[in-house]
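For the sequence shown, the positions run 1 to 211 when the working numbering is used.
Backbone N, C-alpha and C define an ideal beta-carbon position, used for all residues, glycine too.
In this text, all values refer to a predicted model and were calculated from it rather than measured experimentally.
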Amino acid sequence: MNHTPHASLMDEVYRHQRKIYDATRKYYLLGRDRLIGEMDPSPNARILEIACGTGRNLDLIDQRYPGRRLYGFDISSQMLETARTKLGNRAYLAQGDACAFEARTLFGTAEFDHIIMSYSLSMIPNWQVAIAEALRHLAPGGMLHLVDFGDQARLPIGFKSVLRAWLRKFHVSPRDDLDAVLQDLTAGRPLDMRHDYLFRNYAQIARIRAA
């Protein structure tokens with residue numbers, strides 16, 4: 001059991017929210033299905049979701065790409081309870097911290113062909129460290145897929161302030177400098193990075209492929 005302060009906070013936030021999470025978040029966690037649609041994993045791909053939450057994304061990946069090996073971990077034991085109910089034996093699940101994890105210890109495998117971080121960076125205090133940890137676990141030729149809130153720069157005036165005031169109630173902080181951070185993390189390394197904005201900058205999506 002993970003008893004770190006952040007784990008306790010996430011358990012408190014989602015103790016009851018997890019029961020309605022999938023039904024309510026589908027209206028504003030935009031870009032998740034595009035991320036899944038762009039994955040195109042090989043038949044024997046190992047796919048890890050960091051901060052897998054309720055297991056919603058892993059469930060959709062299993063439906064779209066059946067037969068792949070699915071893994072997920074989350075810092076919240078409450079969210080994992082929902083994920084285990086949803087996924088059953090279709091995925092290997094564990095409790096872990098995105099900023100410090102050893103996949104071989106958690107799952108018996110150290111590298112993954114696809115790693116997903118979906119609307120999790122905005123809830124991880126040391127999110128830059130979490131990205132570095134994800135990159136450390138990419139197999140050769142593997143890809144890290146990221147989607148999260150954007151900077152809302154092209155949306156109507158006032159939308160950004162209202163959205164962010166509401167997000168703060170759930171301890172969510174959009175990472176406006178994600179593109180710059182990714183460029184720094186990948187500079188001079190055998191990594192190919194692409195970053196784009198979606199829905200008039202409401203969301204942002206990025207892909208990093210290892211050589």
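Simplified DSSP state of residue i, which is helix, strand or coil
i: S173; result: coil
i: A130; result: helix
i: I36; result: helix
i: L60; result: helix
i: P5; result: helix
i: L163; result: helix
i: L191; result: strand
Buried versus exposed call for residue i [16 or more other C-beta atoms within 10 Å across all chains shown]
i: S161; result: exposed
i: L76; result: Checking the displayed sequence, the identity of residue 76 turns out to be Ser instead of Leu. With 16 or more Cβ atoms within 10 Å of its Cβ, S76 is classed as buried.
i: Y28; result: exposed
i: F170; result: exposed
i: H16; result: Since pLDDT at H16 reaches only 46, below the 50 mark, its modelled position is unreliable, and no value is offered.
Cβ shell of residue i (< 6 Å), same chain only, five flanking positions each side left out
i: Y92; result: Y71 and F107
i: M39; result: H114
Beta strand (DSSP E) segment containing residue i, residue limits
i: S118; result: F112 to S118
i: R209; result: A203 to A210
i: L121; result: Premise fails: L121 is in no beta strand (DSSP E) and is neither H nor E.
i: A100; result: Element bounds for A100: n/a, residue is neither H nor E.
i: R69; result: R69 to D74
Same chain only: Cβ atoms within 7 Å of residue i, ignoring 5 sequence neighbours per side
i: L138; result: E111, F112, I115, L144 and A210
i: L163; result: Q152
i: K86; result: T54, G55 and D59
Check whether residue i and residue j have beta carbons under 7 Å apart
i: A214; j: S8; result: Because residue 214 is not part of the residues shown, which for the chain are 1 to 211, the question remains open.
i: K193; j: I205; result: Looking at the sequence shown, residue 193 is not Lys but Met. Against a cut-off of 7 Å, the Cβ pair of I205 and M193 comes out as no contact.
i: L35; j: E49; result: no
i: L146; j: G31; result: no
i: S122; j: P66; result: no
i: N201; j: G150; result: yes
i: C99; j: A134; result: no
Residue i: CB within 6 Å of a non-hydrogen atom of the ligand GTP
i: P43; result: Among the components of this structure there are no ligands whatsoever, and the ligand GTP is therefore not found.
Neighbour flag for residue i against chain D, beta carbons, 7 Å
i: H145; result: This model lacks chain D altogether; it includes just one protein chain.
Continuous alpha helix (DSSP H) stretch holding residue i: start and end
i: F107; result: A103 to F107
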